[in-house]
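Going by UniProt numbering, the sequence shown runs without a break in its numbering and finishes at 141.
Note sheet for the following structure.
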Amino acid sequence: MQEITSQKIIINNSTADIQSAILSLENFAHVHGIPITTIDRVNAAISELLANIVQHSFPKNKQGEIGITLQLFDTGKLAIKLINKGIPFNPFYTSPPKYNNASKYKNMDSLGLHLVRKCMDEYNYKRIVDYNITWMSKEQI
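Here it is in structure tokens:
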């Protein structure tokens, strides 16, 4: 498997910058012919992970950056890496949400992260020195 192209994006840890990252991803996808069904799933996953990074990885009112790397491989695989120097936070450590008989989800905080697991084919988290590194990939359909 060989990388065809990649793009690096850096945003601030603010909810306003999440939309900028999504637009960059959509542009990357359009330029490289990634199917809309694939990009819709990836957008949902990235939006959720970025929101979690903004909410959990940095203390309130503390500036920080989030690095995003998009990689496209000759096999059609799209890989995304999110890096930040925030508080350690493994988004995949939470358990899937539980559904009770009253038609309500328990542990709503994990519902979005459950969506990430369902939208992406592979995902993992590592803490290396002071960095949170979240990696995920999607095979194109």
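Every residue, glycine too, gets a C-beta built ideally from N, C-alpha and C.
Handout entry: Distance CB(F73)-CB(E3) smaller than 9 Å
Key = Residue 73 sits at position 73 when you count from the first residue of the sequence shown. Residue 3 sits at position 3 when you count from the first residue of the sequence shown. Yes.
Handout entry: Helix, strand or coil at N132 according to DSSP, with G and I counted as helix
Key = In the sequence shown, the residue the question calls residue 132 occupies position 132. N132: strand per DSSP, three-state reduction.
Exercise for the section: Pull up the DSSP beta-bridge partners for T5, would you. Expected result: The count along the sequence shown starts at 1 and reaches residue 5 at position 5. The partner list for T5 (beta bridge, DSSP) reads L72.
Handout entry: Contacting residues, own chain, Cβ-Cβ under 6 Å from R41 (five flanking each side not counted)
Key = For this step, residue 41 is matched to residue 41 along the sequence shown. These residues qualify, in order along the chain: C119.
Handout entry: Top-ranked residue by Cα proximity to S6, from Q71, T75 and I22
Key = Along the sequence shown, read from residue 1 onward, the residue named residue 6 stands at position 6. Cα-wise, what sits closest to S6 is Q71.
Exercise for the section: Taking only the alpha-carbon atoms, compute the straight-line gap between L23 and K138 and give it to the nearest angstrom. Expected result: Indexing the sequence shown from 1 puts residue 23 at position 23. Indexing the sequence shown from 1 puts residue 138 at position 138. So the two alpha carbons sit approximately 18 Å from each other.
Problem - T75 burial status per 10 Å Cβ neighbour count (16 or more: buried) - result: Position 75 of the sequence shown holds residue 75. Per the 10 Å Cβ criterion, exposed.
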